[in-house]
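A short worksheet on the structure shown next.
In my numbering, the protein residues as written are 219 to 311.
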């Protein structure tokens, strides 16, 4: 079964998501921005979601995590919870 490890930042608007993505791409640490801005409890851990199986997350999230490139910032990804930036740190088949 496919598994992955990822971290994310959850915010309310696409505009906020895009601004945070620019800051990360300019060199700010993903984990620091997650701790400061993410609405998800995982923000306290720098956005770390740990390891999970395909199908445990909402479909929009799974689609990116199980097909996107590793160690790059993906997003904004819109889900029922808001807008996410995602970084896939590990994936196995």
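Glycine included, each C-beta is placed from N, C-alpha and C at the ideal position.
* To do: Hey, could you find the ends of the alpha helix (DSSP H) residue 253 is sitting in?
  => Counting from 1 along the chain shown, the entry for residue 253 is found at position 35. Element bounds for residue 253: 248-255.
* Do you know how far the Cα of residue 262 is from the Cα of residue 268? -> Within the chain shown, the letter at position 50 stands for residue 268. Within the chain shown, the letter at position 44 stands for residue 262. Roughly 13 Å between the two C-alpha positions.
* How would you label residue 277, buried or exposed, when you count the other beta carbons within 10 angstroms and need 16 or more for buried? -> If you number the chain shown from 1, residue 277 lands on position 59. Flag for residue 277 reads exposed.
* To do: Spatial neighbours of residue 248 within its chain, please: CB distance less than 6 Å, with the 5 preceding and 5 following residues excluded, ordered by chain position.
  => If you number the chain shown from 1, residue 248 lands on position 30. Taken in chain order, the residues that qualify are 242, 305.
* Residue of 224, 223, 239, 219 minimising C-alpha distance to residue 301 -> On the chain shown, position 83 is the one that residue 301 refers to. Of the candidates 224, 223, 239, 219, the one whose C-alpha sits nearest the C-alpha of residue 301 is 239.
* Asked: Any idea what DSSP makes of residue 290, helix, strand or coil?
  -> On the chain shown, position 72 is the one that residue 290 refers to. Residue 290 falls in the coil class under three-state DSSP.
* Asked: What distance in whole Å lies between the Cβ atoms of residue 220 and residue 271, which are believed to be in contact at a cut-off of 8 Å?
  -> Residue numbering aside, residue 271 sits at position 53 when the chain shown is read from its first letter. Residue numbering aside, residue 220 sits at position 2 when the chain shown is read from its first letter. Residue 271 to residue 220, Cβ: 7 Å. Contact.
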